[in-house]
Amino acid sequence: MLGVVLGVGALAAAYLSVTERVRGQRQRVMRRSEDLPVEPQPSEFSQALVELVATAGGIYLALILLRNFLKIELPERVLLFGLELEPMATLAFLVALVQPYFSHIHRSQR
8 MLGVVLGVGA
18 LAAAYLSVTE
28 RVRGQRQRVM
38 RRSEDLPVEP
48 QPSEFSQALV
58 ELVATAGGIY
68 LALILLRNFL
78 KIELPERVLL
88 FGLELEPMAT
98 LAFLVALVQP
108 YFSHIHRSQR
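Residues 8 to 117 (the numbering used here) are what the sequence shown spells out, left to right.
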């Protein structure tokens, strides 16, 4: 039961992160004064999802390099609430989920 709640929570967090990324992309597009594109463009949602995965992948690679450099021993898999997860990938995904909110805070403080 707790695994289902965590799964739903993770999906909700991913949705909120992607919508924040879409909002940020809309603001960037509105700031630029470009003509309408001639060729079809991917949707804002698909671009935000690609950006989320790319950010998580970059963070994952950086964490793996740091772990190898510091020679830190971590288990390959961790059982958490009935879910078997890779700790570094999970951490990278969580950081990527909160990244647009930190960017939003940083932009609003300028």
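Here a beta-carbon is modelled for each residue, glycine too, at the ideal position from N, C-alpha and C. Since the model is a prediction, treat every value here as computed from it, not as a measurement.
Item	Value
Considering Leu-70, what are the terminal residues of the alpha helix (DSSP H) in which it resides?	51 to 77
What is the DSSP secondary structure of Leu-86, counted as helix, strand or coil?	strand
Going straight from the alpha carbon of Leu-9 to that of Phe-88, what length do you get?	6 Å
With Gln-106 as the anchor, note down where its alpha helix (DSSP H) starts and where it stops.	94 to 115
Compute the Euclidean distance between the alpha carbons of Gln-116 and Gly-64, then round it to the nearest angstrom.	28 Å
Specify the secondary structure class of Glu-27 as computed by DSSP and reduced to three states.	helix
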